[in-house]
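*Asks:* Position 50 of the sequence shown, counting from 1, maps to 1442 under the working numbering, and the rest follow consecutively.
I have a structure I would like to understand better, so I am pasting it below and will then ask my questions one at a time.
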Amino acid sequence: QVQLGESGGGLVQPGGSLRLSCAASGSIFSVNTMGWYRQAPGKQRELVATITSGGSTNYADSLKGRFDISRVKNTVYLQMNSLKPEDTAVYYCNLRQVVLRTYDYWGQGTQVTVSS
């Protein structure tokens, strides 16, 4: 089993910044992908960014340039800059690893609210 612990959400004014963190523990294989997804009220969960254990990154096109994903071992970070009200959502950490089949693990989610 894998456990994911998120932190760093909160309330921020438009134009501000936040940094989310997610630490993974448990049965983690050396090859995996960690990432962030978000879900706004009334909307489906969507990709924010992912990063592989080798350091390759992938971003939602609309967020390139404002959000930056990084990781140190099995802790993943999301630096969010120039935040907008439409970035308001619950942000979920994900770890995916493939061992005969795909395993997806999710954090409990952390609320990010962008409002003046």
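C-beta: ideal position from N, C-alpha, C; glycine also.
In the stretch 1420 to 1506, which residue ranges form an unbroken alpha helix (DSSP H) of at least 4 residues, counting only runs that do not cross its ends?
*Replies:* For the stretch 1420 to 1506, not a single whole alpha helix (DSSP H) run of length 4 or above is found.
*Asks:* Below 8 Å on the Cβ atoms is my contact criterion, and I expect Trp1498 with Ile1461 to pass it. Report the Cβ-Cβ distance as a whole number of Å.
*Replies:* Trp1498 to Ile1461, Cβ: 16 Å. No contact.
*Asks:* Rounded to whole angstroms, how far is the Cβ of Val1504 from the Cβ of Gly1401, which I believe are closer than 8 Å?
*Replies:* 5 Å between Cβ atoms; contact.
*Asks:* Hey, out of Asp1479, Asn1473 and Thr1502, whose CA is closest to Cys1485's CA?
*Replies:* If we check each option's Cα against that of Cys1485, Thr1502 comes out closest.
*Asks:* Rounded to the nearest angstrom, what separates Glu1438 and Arg1493 at their Cα positions?
*Replies:* Roughly 22 Å separates the two Cα atoms.
*Asks:* For Gln1393, name the three-state secondary structure that DSSP assigns.
*Replies:* Coil at Gln1393, not helix or strand.
*Asks:* So for Ser1409, helix, strand or coil by DSSP?
*Replies:* Residue state, collapsed to three classes: coil.
*Asks:* How many angstroms separate the CA atom of Val1394 from the CA atom of Gln1431?
*Replies:* Roughly 22 Å between the two C-alpha positions.
*Asks:* Is DSSP giving Gly1402 helix, strand or coil here?
*Replies:* DSSP places Gly1402 in strand when its eight states are reduced to three.
*Asks:* Between Asn1473 and the rest of its own chain, which residues show a CB-CB distance below 6 Å, the 5 nearest in sequence each way excluded?
*Replies:* Counting only Cβ-Cβ distances below 6 Å, and skipping sequence neighbours, we find Ser1409 and Arg1458.
*Asks:* Could you check the C-alpha separation between Ser1508 and Asp1453 for me, to the nearest Å?
*Replies:* Taking the straight line from one Cα to the other gives about 26 Å.
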